[in-house]
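Inspection log for the structure reproduced underneath, given as structure tokens.
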Amino acid sequence: MSKVLIMDHPLIQHKVGVIRRIETGSKDFRTIISEIAMLMTYEATRDLKLVDVEIETPICKTTVKELSGKKLAVVPILRAGLGMVDGMLEMIPAAKVGHIGLYRDPETLEPVEYYCKLPADSDEREVFVVDPMLATGGSASAAITLLKQHGCKRIRMMCIIAAPQGIRRMEADHPDVDLYIAALDDKLNEHGYIVPGLGDAGDRIFGTK
Ligand code: PRP
Ligand code: URA
0 MSKVLIMDHP LIQHKVGVIR RIETGSKDFR TIISEIAMLM TYEATRDLKL
50 VDVEIETPIC KTTVKELSGK KLAVVPILRA GLGMVDGMLE MIPAAKVGHI
100 GLYRDPETLE PVEYYCKLPA DSDEREVFVV DPMLATGGSA SAAITLLKQH
150 GCKRIRMMCI IAAPQGIRRM EADHPDVDLY IAALDDKLNE HGYIVPGLGD
200 AGDRIFGTK
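Next up, the structure:
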């Protein structure tokens, strides 16, 4: 069964409130999506393993903690997932970045794949799939199926706003994948948009509407 962690940190909640507002323009939307991703990464990496390492300070020898060297990858679902990458890399600069291109067919709401480029050793990495929106869950589920076909075994999903349908879909299709979300909304409307949501995340990040 997936672990679903809702990140209720006040800074995250405040910033989600700002990106929901219709009057927030693309520049601020982009900046804040990136800030939320950075804060979510801080929480979602809480269980990374540390090892003891002997070092020398200017004063004496001592033991410090270091990340155990487990390799990480960030995989945004294009387009909107791109908005979360820079914020994550601020926190985990050594992570490699893969890309999965999917768009939702507006009629069927089914995901259509158009691009996939992953780090060569992605099957050895702990993978963070990122997309601001988890609506029906079709895109996230398809992206994770693709990663599993490439041999990835340790996968986590980070999204900012989720609908209950999306969470149910992820639990059914990928019960081994933990989900990190900033807000759980009420439902989907008749066009598959999250209510209250924030509209079309890709259009708001890239100013395409
Ligand atoms: C949006 C969003 C997710 C998907 C969520 O992308 O960024 O990828 O919809 O919907 P789902 O959970 O019902 O699959 P969209 O297909 O609009 O593409 P875009 O990012 O290129 O705008
Ligand atoms: N994709 C979006 O960008 N927004 C939604 O509300 C649903 C899917």
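In terms of numbering that gives the first Met the number 0, the sequence shown is residues 0 to 208.
All C-beta atoms in this analysis are idealised placements derived from N, C-alpha and C, irrespective of residue type, glycine included.
Any heavy atom of the ligand URA closer than 7 Å to the Cβ of residue i?
i	result
residue 132	yes
residue 100	no
residue 46	no
residue 193	yes
residue 142	no
residue 199	yes
residue 136	no
residue 82	no
residue 206	no
Hey, is residue i close to the ligand PRP, as in C-beta under 7 Å from one of its heavy atoms?
i	result
residue 79	yes
residue 139	yes
residue 118	no
residue 93	no
residue 163	no
What do you get for residue i, buried or exposed, if any count of 16 or more other CB atoms within 10 angstroms of its CB means buried?
i	result
residue 14	buried
residue 213	The structure shown does not extend to residue 213, since the chain is modelled only from 0 to 208, so the question has no answer here.
residue 130	buried
residue 54	exposed
residue 173	buried
residue 197	buried
residue 97	buried
residue 101	buried
residue 167	exposed
residue 16	exposed
residue 52	exposed
residue 217	Summary: the structure shown does not reach residue 217, with the chain confined to residues 0 through 208, and so no result is reported for it.
Measure from the alpha carbon of residue i to the alpha carbon of each residue in the options, then state which is nearest.
i	options	result
residue 195	56, 185, 156	185
residue 125	154, 42, 33	154
residue 145	112, 171, 191, 175	112
residue 3	165, 115, 108, 10	165
residue 74	115, 18, 8	115
residue 66	76, 78, 48	48
residue 191	203, 143, 110, 176	110
residue 50	44, 64, 56, 43	64
residue 207	171, 26, 108, 143	26
residue 6	31, 41, 30	41
residue 152	175, 205, 140, 171	175
residue 95	107, 77, 128	128
key: Inter-stretch contact (C-beta, 8 Å, three-pair minimum) for the region 48 to 60 and the region 78 to 85   = The region 48 to 60 is not in contact with the region 78 to 85.
| said: Taking contact to mean 3 or more Cβ pairs, one atom from each stretch, closer than 8 Å, check whether the region 35 to 49 and the region 87 to 95 are in contact. | reply: The region 35 to 49, when compared against the region 87 to 95, does touch it at the 8 Å Cβ threshold.
Next item on the list: Inspect the CB distances between the region 146 to 160 and the region 172 to 181 and report whether three or more fall short of 8 Å.
Entry: The region 146 to 160 vs the region 172 to 181: in contact.
Taking 8 Å as the cut-off, does the region 21 to 28 touch the region 127 to 139 (at least 3 CB pairs, one atom from each stretch)? Look at the beta carbons and you see the region 127 to 139 not touching the region 21 to 28: under three pairs across the two are nearer than 8 Å.
Item to complete: Would you check if there are 3 or more beta carbon pairs closer than 8 Å linking the region 116 to 128 to the region 70 to 77?
Response: As far as the Cβ criterion goes, the region 116 to 128 touches the region 70 to 77, which means the pair count is three or higher.
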